[in-house]
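Peer 1:
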Amino acid sequence: MAQIRGTAGYHLGNQNPFGSSSRPDAANDPSPLEAIRKQTSKIEDLLDQVSEPIKPYLPMIGRFLIVVTFFEDALRILTQWSDQLVYLREYRHIPYGITHLFLLTNVLAMTSCSILIVARKYTPYAVGGLIGVVVTQALGYGLIFDLNFFLRNLSVMGGLLMVLSDSWVRKRFAPAGLPQIDEKDRKMYFQLAGRILLIFLFLGFVVAGEWTFARVMVSLLGFVACVMVVVGFKAKMSAIMLVVILSVFNLLVNNFWALHKHHPHKDFAKYDFFQILSIVGGLLLLVNMGPGQFSVDEKKKVY
Numbered sequence: 001m002a003q004i005r006g007t008a009g010y011h012l013g014n015q016n017p018f019g020s021s022s023r024p025d026a027a028n029d030p031s032p033l034e035a036i037r038k039q040t041s042k043i044e045d046l047l048d049q050v051s052e053p054i055k056p057y058l059p060m061i062g063r064f065l066i067v068v069t070f071f072e073d074a075l076r077i078l079t080q081w082s083d084q085l086v087y088l089r090e091y092r093h094i095p096y097g098i099t100h101l102f103l104l105t106n107v108l109a110m111t112s113c114s115i116l117i118v119a120r121k122y123t124p125y126a127v128g129g130l131i132g133v134v135v136t137q138a139l140g141y142g143l144i145f146d147l148n149f150f151l152r153n154l155s156v157m158g159g160l161l162m163v164l165s166d167s168w169v170r171k172r173f174a175p176a177g178l179p180q181i182d183e184k185d186r187k188m189y190f191q192l193a194g195r196i197l198l199i200f201l202f203l204g205f206v207v208a209g210e211w212t213f214a215r216v217m218v219s220l221l222g223f224v225a226c227v228m229v230v231v232g233f234k235a236k237m238s239a240i241m242l243v244v245i246l247s248v249f250n251l252l253v254n255n256f257w258a259l260h261k262h263h264p265h266k267d268f269a270k271y272d273f274f275q276i277l278s279i280v281g282g283l284l285l286l287v288n289m290g291p292g293q294f295s296v297d298e299k300k301k302v303y
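Just so we're aligned, residue 1 is where the sequence shown starts under the working numbering, counting upward by one.
(1) Quick check on R92: buried or exposed, where buried means 16 or more other Cβ atoms within 10 Å of its Cβ?
(2) Identify the continuous alpha helix (DSSP H) that holds N153 and give its terminal residues.
(3) What residue range is occupied by the uninterrupted alpha helix (DSSP H) comprising N288?
(4) Could you check whether the region 78-90 touches the region 98-117, counting it as contact only if at least three pairs of C-beta atoms, one from each stretch, sit closer than 8 Å?
(5) Quick check on V224: buried or exposed, where buried means 16 or more other Cβ atoms within 10 Å of its Cβ?
(6) Report yes if the C-beta distance between L139 and C113 is below 9 Å; otherwise report no.
(7) Between the region 186-197 and the region 139-152, do three or more beta carbon pairs fall short of 8 Å?
(8) Grouping DSSP H, G and I as helix and E and B as strand, with all else coil, what is H100?
(9) Between P59 and the rest of its own chain, which residues show a CB-CB distance below 7 Å, the 5 nearest in sequence each way excluded?
(10) Please name the residue in V253, V280, M162 and A109 whose C-alpha comes closest to that of Q137.
(11) Taking the alpha-carbon positions, what's the A269 to A258 distance?
(12) In the DSSP assignment, find the alpha helix (DSSP H) that holds A258 and state where it starts and stops.
(13) For Q275 versus V156, is the C-beta distance shorter than 9 Å?
(14) Quick one, are the C-beta atoms of I66 and G282 less than 9 Å apart?
(15) Quick check: what's the CA-CA separation for I115 versus K234?
(16) If you draw a straight line from the alpha carbon of E232 to that of V218, how long is it in whole angstroms?
(17) Please report the distance separating the alpha-carbon of G132 from that of I117.
(18) Give me the Cα-Cα distance between V127 and L160, rounded to the nearest whole angstrom.
(19) Hey, would you say I279 sits closer than 9 Å to L203, going by beta carbons?
(20) Quick check: the Cα distance between F213 and L251, rounded to an integer number of angstroms?
(21) Count the other C-beta atoms from every protein chain shown that fall within 10 angstroms of the C-beta of N255, then say buried if there are 16 or more, exposed otherwise.
(22) Decide if K55 is buried, meaning its Cβ has at least 16 other Cβ atoms within 10 Å, or exposed.
(23) Taking the alpha-carbon positions, what's the D267 to F273 distance?
(24) Please list the terminal residues of the continuous alpha helix (DSSP H) segment that includes T79.
(25) DSSP three-state call for F325: helix, strand or coil?
(26) Hey, L198 and G142: beta-carbon distance below 9 Å or not?
(27) Between W168 and K261, what straight-line distance do the alpha-carbon atoms span, to the nearest angstrom?
(28) Do L246 and C226 have their beta-carbon atoms positioned less than 9 Å apart in this structure?
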């Protein structure tokens, strides 16, 4: 590139300034990184063509999948009301009456906020309500120190942040006494936070379970995809890769429908199944919106 720039002003073409023959093929020979970028760009173009028919519906599908775990949780509380009360009272030592209020508040908040998110109404309040539910349930059920539960719920909150950034359009936000903040800038920061939180589910997958050769290979592939999502390099393709990995894992491992209704792990498998669906929804929103300005992909467009 320096040779081309140096000779351009003197109209020397391919002539070597030291008198030896030039090698235009060497100048045009792409670096390995550039070759990888070209191949991944072709894959992205192919994925865009294949997904073209469903692109208009991706935001709606993503929002619904993100909140489906809250719908399932609300239904589970209602169908297991007496068991929930016994657990909170006997094992969590929450006083009688407060247990009823705790469960009822959670059911109402999860149902109403989820409906608002699907309908794209009052999204910031709905997202705040569901994040509040995640935090209060972690405290109420005593699961805040469970590493797998903690990482999964970080990913769910990442999906909710993607919903929030998806709902914002370019306009001004000016709190009293503070400088004006462009809403596009807020969207940029929340997209970055959502991208980072979304990958914590995969960290939970890595630290839990028995190690096999297949698990090692999937973990390595998923780790690479997670890093690419966080830094925003080929983020759409990486998110699609994670969607495929998580969907296959979900169907094979969390197949609660294949378990007997009295199986001790049926509720856990169902809970995990719908939580992974929520993170898949967040990844679909990432595919639809892109990684945002804090990403390698956007920096490449600038430079």
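Virtual Cβ for every residue (Gly too), placed ideally from N, Cα, C.
Peer 2: According to the structure data:
(1) exposed
(2) L147 to S167
(3) Unbroken alpha helix (DSSP H) run through N288: K266 to M289.
(4) A contact exists between the region 78-90 and the region 98-117.
(5) exposed
(6) Inclusion of L139 and C113 in the CB contact set at 9 Å is not warranted, their separation being larger than that value.
(7) no
(8) helix
(9) D166, L285 and N288
(10) A109
(11) 10 Å
(12) No alpha helix (DSSP H) holds A258; DSSP gives it neither H nor E.
(13) yes
(14) yes
(15) 32 Å
(16) The sequence given here has Gly at residue 232, not Glu. Approximately 21 Å, taken between the alpha carbons.
(17) Those two C-alpha atoms are separated by around 15 Å.
(18) 6 Å
(19) no
(20) Straight-line measurement puts the Cα of L251 at about 19 Å from the Cα of F213.
(21) exposed
(22) When all chains shown are included, K55 counts as exposed.
(23) Roughly 10 Å between the two C-alpha positions.
(24) DSSP places T79 inside the alpha helix (DSSP H), whose first and last residues are L58 to T79.
(25) Lying before the first or after the last residue shown, residue 325 is absent from the chain, which here runs from 1 to 303.
(26) Cβ atoms of L198 and G142: not closer than 9 Å.
(27) 43 Å
(28) no
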